[in-house]
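In the numbering used here, the protein residues as written are 48 to 583.
Even for Gly, the Cβ is constructed at its ideal location relative to N, Cα and C.
All figures in this text were calculated on a predicted structure; none of them were measured in a lab.
Notes for the one structure printed next.
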Amino acid sequence: MAVSSVRLFNSLYPPCASLIAYSTLHSGFPNSLRYNSFRVKGGLVYSISGSSRVRALVKGKGERTEDYPLAGDSTDDKKVAESWPRSLQRDFAGTPYVPVYVMLPLGVIDRNCELVDPEGLTNQLRILKSVNVDGVMIDCWWGIVEAHAPQTYNWSGYRRLFQIVRDLGLKLQVVMSFHECGGNVGDDVNIPLPQWVREIGDSNPDIYFTDREGRRNTECLTWGIDKERVLRGRTAVEVYFDYMRNFRVEFDDFFVSGVIAEIEVGMGPCGELRYPSYPVKHGWKYPGIGEFQCYDKYLMKRLKKAAEIRGHTFWGRAPYNSGSYNSAPHETGFFRDGGDYDSYYGRFFLNWYSQILVDHGDRVLALANLAFEGTCIAAKLSGIYWWYKTASHAAELTSGFYNPAHRDGYALIAAMLKKHGVALNFTCVELRTLNQHEGFPEAMADPEGLVWQVLNAAWDVSIPVASENALPCYDREGYNKILENAKPRNDPDGRHLSAFTYLRLNPALIERRNFVEFERFVKGMHGEAISDLPLN
Numbered sequence: 048m049a050v051s052s053v054r055l056f057n058s059l060y061p062p063c064a065s066l067i068a069y070s071t072l073h074s075g076f077p078n079s080l081r082y083n084s085f086r087v088k089g090g091l092v093y094s095i096s097g098s099s100r101v102r103a104l105v106k107g108k109g110e111r112t113e114d115y116p117l118a119g120d121s122t123d124d125k126k127v128a129e130s131w132p133r134s135l136q137r138d139f140a141g142t143p144y145v146p147v148y149v150m151l152p153l154g155v156i157d158r159n160c161e162l163v164d165p166e167g168l169t170n171q172l173r174i175l176k177s178v179n180v181d182g183v184m185i186d187c188w189w190g191i192v193e194a195h196a197p198q199t200y201n202w203s204g205y206r207r208l209f210q211i212v213r214d215l216g217l218k219l220q221v222v223m224s225f226h227e228c229g230g231n232v233g234d235d236v237n238i239p240l241p242q243w244v245r246e247i248g249d250s251n252p253d254i255y256f257t258d259r260e261g262r263r264n265t266e267c268l269t270w271g272i273d274k275e276r277v278l279r280g281r282t283a284v285e286v287y288f289d290y291m292r293n294f295r296v297e298f299d300d301f302f303v304s305g306v307i308a309e310i311e312v313g314m315g316p317c318g319e320l321r322y323p324s325y326p327v328k329h330g331w332k333y334p335g336i337g338e339f340q341c342y343d344k345y346l347m348k349r350l351k352k353a354a355e356i357r358g359h360t361f362w363g364r365a366p367y368n369s370g371s372y373n374s375a376p377h378e379t380g381f382f383r384d385g386g387d388y389d390s391y392y393g394r395f396f397l398n399w400y401s402q403i404l405v406d407h408g409d410r411v412l413a414l415a416n417l418a419f420e421g422t423c424i425a426a427k428l429s430g431i432y433w434w435y436k437t438a439s440h441a442a443e444l445t446s447g448f449y450n451p452a453h454r455d456g457y458a459l460i461a462a463m464l465k466k467h468g469v470a471l472n473f474t475c476v477e478l479r480t481l482n483q484h485e486g487f488p489e490a491m492a493d494p495e496g497l498v499w500q501v502l503n504a505a506w507d508v509s510i511p512v513a514s515e516n517a518l519p520c521y522d523r524e525g526y527n528k529i530l531e532n533a534k535p536r537n538d539p540d541g542r543h544l545s546a547f548t549y550l551r552l553n554p555a556l557i558e559r560r561n562f563v564e565f566e567r568f569v570k571g572m573h574g575e576a577i578s579d580l581p582l583n
């Protein structure tokens, strides 16, 4: 259901009791800080004071001042500066400029394709602009735009949103979101697939990914119908292409003016190029290994055909001993050390399963390049970092990343992206391995090792690499980890991220203590001097 304007934006002004409690319980720092006034592009002069209000002097057709409150009002400014942590860290002044974008709330456009609370959104975007954020990311939901009939598109709410972003001098990263919203961690709205697609699914549920028990996942369409004319005479990739092409025509003025800086093409659940192998709706809990998702009739037909071509028809099946969603690798015959994942059959199956993923990306991105010729295009990969320190890397295998200890499963994906000139967007750059071991030592997780492997797989083929945080991040430790990954120390080639997108605009980010840290982080990403860095 649609999210009200009160819930999305006005709840920030003034702060609710829960936000004040969060600040008191988790920070230990006073709730105020005074910024000196500073000037930003576009004729705006902002200052943040102990009253926690962004004050703007708007130049142009007459002068006026406007107040934009931040959460967490307090009066004792001096104590903040005295008590603020000054941990030793690297100085990023003079390092390459990495643009910073902020994801907008999931429900900023409602199910009727109307913009929710444009005035509140404008105020929040001005606050982001005040700390020199480069732009915002927005999902263009297939289930909203083409909701009721094939090739009948409604972009009205997005046009109004884009106009606000353009008028504030911000850029846009736009996601072609061909998946449903709702049911995953962080989803606070429900946006299903288009109604006409769901009607097809009622009579032919094999258009969805399916697990061994026959449970259908309606979050996105199976890659088995990429070339099957089961969507009112069109294949899945034709439906995606028509949607992208219509978007390009509808918003031509925003492409020509450069307001739309990048198109990210969704290619799976959560917009990520992966199988929906760990769905919360089917009972998955971290750090379960997940399950293979190839049991719809279309993918099973392709598996059987691949086995016949190989000359082993009895291989035309998925593994029978791969456990369930919440299994651990050592509990299964397939993923345990020395298990069947490394047998002749296991290698055949995993090669086929991962190649289906690569082929889907190859097809969709080829069409995306036709639709968005001359525009930067990105594809998003998820960071499946649990069980990374085991031999089989089970959670990655069920997600479609054939990356056991003896094989680089991301090089083939990077080569496919290179073929189409597409940038890689990767998650979980804020996570530290040590923290994962403290919380779930049994998960054998290594986000830092995974990030380093994926970044180098992309850099080795010279494609741009962008990133985003996987979980909410408000603290300096998390921001510093992002900065270190964005601009590796002493890299002889000077490699760095092409952009970073913060997940996501919400009440907690605007709370003053968090917003001060966020501004500091943006300065570091932009290569600017940070005044509170220690001298030693």
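Go through its chain and collect everything with a Cβ distance to residue i's Cβ below 7 Å, but skip five positions before and after it.
{"i": "N201", "result": "C160, V192"}
{"i": "G248", "result": "I254, Y255, T265"}
{"i": "T71", "result": "Per-residue confidence for T71 stands at a pLDDT of 29, beneath the threshold of 50, marking its modelled position as unreliable; the derived number appears in the next sentence. Contacts found: none."}
{"i": "G109", "result": "The predicted position of G109 is uncertain, since its pLDDT is 40 and thus under 50; no value can be drawn from it."}
{"i": "D455", "result": "A504"}
{"i": "G190", "result": "E227, I238, P239, L240, P241"}
What is the DSSP secondary structure of residue i, counted as helix, strand or coil?
{"i": "K427", "result": "strand"}
{"i": "R102", "result": "A caution first: R102 carries a pLDDT of 39, below 50, which makes its placement in the model too unreliable to give a value."}
{"i": "F547", "result": "strand"}
{"i": "G248", "result": "helix"}
{"i": "C187", "result": "strand"}
{"i": "E558", "result": "strand"}
{"i": "C317", "result": "helix"}
{"i": "G271", "result": "helix"}
{"i": "Q220", "result": "strand"}
{"i": "Y148", "result": "strand"}
{"i": "D527", "result": "Strictly speaking, residue 527 in this sequence is Asn, with Asp absent from that position. DSSP places N527 in helix when its eight states are reduced to three."}
{"i": "F225", "result": "coil"}
{"i": "N264", "result": "strand"}
{"i": "D123", "result": "Caution applies to D123, whose pLDDT of 43 falls short of 50 and renders its modelled position unreliable; the value that the coordinates give is listed next. Coil, per DSSP."}
Can you tell me which of the options puts its alpha carbon nearest to the alpha carbon of residue i?
{"i": "M463", "options": "L497, T437, D507, N293", "result": "D507"}
{"i": "K570", "options": "L552, E558, P554, F547", "result": "F547"}
{"i": "A426", "options": "P511, F294, F395", "result": "P511"}
{"i": "Y342", "options": "F301, Y322, G335, P334", "result": "Y322"}
{"i": "L481", "options": "C475, P494, K465", "result": "P494"}
{"i": "L235", "options": "N537, T142, L151", "result": "Note that residue 235 corresponds to Asp in the displayed sequence, not to Leu. Checked all of N537, T142, L151; the closest Cα to D235 is L151."}
{"i": "D181", "options": "Y148, K352, E260, Q220", "result": "Y148"}
{"i": "D299", "options": "V155, V327, S177, E420", "result": "E420"}
{"i": "F568", "options": "D164, R394, V178, P165", "result": "V178"}
{"i": "R259", "options": "M347, D273, V286", "result": "M347"}
{"i": "F473", "options": "Y287, H467, I577, I460", "result": "I460"}
{"i": "Y521", "options": "A513, E566, E485", "result": "E566"}
{"i": "S514", "options": "A375, P326, E319", "result": "E319"}
With distances taken between CB atoms, is the gap from residue i to residue j smaller than 8 Å?
{"i": "L478", "j": "F139", "result": "no"}
{"i": "V212", "j": "L544", "result": "no"}
{"i": "Y290", "j": "M184", "result": "no"}
{"i": "Q171", "j": "L550", "result": "no"}
{"i": "Y333", "j": "W433", "result": "yes"}
{"i": "R292", "j": "P197", "result": "no"}
{"i": "A442", "j": "L471", "result": "no"}
{"i": "T422", "j": "I307", "result": "yes"}
{"i": "R295", "j": "A418", "result": "yes"}
{"i": "G380", "j": "N398", "result": "no"}
{"i": "N450", "j": "V476", "result": "no"}
{"i": "Q500", "j": "A490", "result": "no"}
{"i": "A492", "j": "P519", "result": "no"}
{"i": "G447", "j": "L404", "result": "yes"}
{"i": "H467", "j": "D273", "result": "no"}
Near residue i, what residues of its chain come up, given a Cβ to Cβ distance below 6 Å and the 5 sequence neighbours on each side ignored?
{"i": "L208", "result": "L162"}
{"i": "H377", "result": "R383"}
{"i": "H573", "result": "Y144"}
{"i": "A365", "result": "F339, C341"}
{"i": "K534", "result": "T142, H543"}
{"i": "V229", "result": "Checking the sequence shown, residue 229 turns out to be Gly, not Val. Result list for G229: N237, in chain order."}
Thinking residue i and residue j are a contact (beta carbons under 8 Å), I'd like their distance in whole angstroms, please.
{"i": "V284", "j": "V469", "result": "16 Å between Cβ atoms; not a contact."}
{"i": "G315", "j": "H226", "result": "7 Å"}
{"i": "G541", "j": "V498", "result": "Their Cβ separation, rounded to whole angstroms, is 18 Å, which puts G541 and V498 out of contact at 8 Å."}
{"i": "L444", "j": "Y388", "result": "7 Å"}
{"i": "A415", "j": "V303", "result": "In fact, because the Cβ distance is near 19 Å, the residues do not count as touching under 8 Å."}
Leaving out five residues on either side along the sequence, give the residues of the same chain with a beta carbon under 8 Å from the beta carbon of residue i.
{"i": "E275", "result": "T282, A283, Y345"}
{"i": "G305", "result": "K218"}
{"i": "R262", "result": "H329"}
{"i": "S58", "result": "Its pLDDT being 36, under 50, S58 is placed unreliably by the model, and nothing is read from it."}
{"i": "S203", "result": "C160, E161"}
Checking contacts by CB at 8 Å: is residue i closer than that to chain D?
{"i": "A308", "result": "Among the protein chains of the structure shown there is no chain D, as only one such chain exists."}
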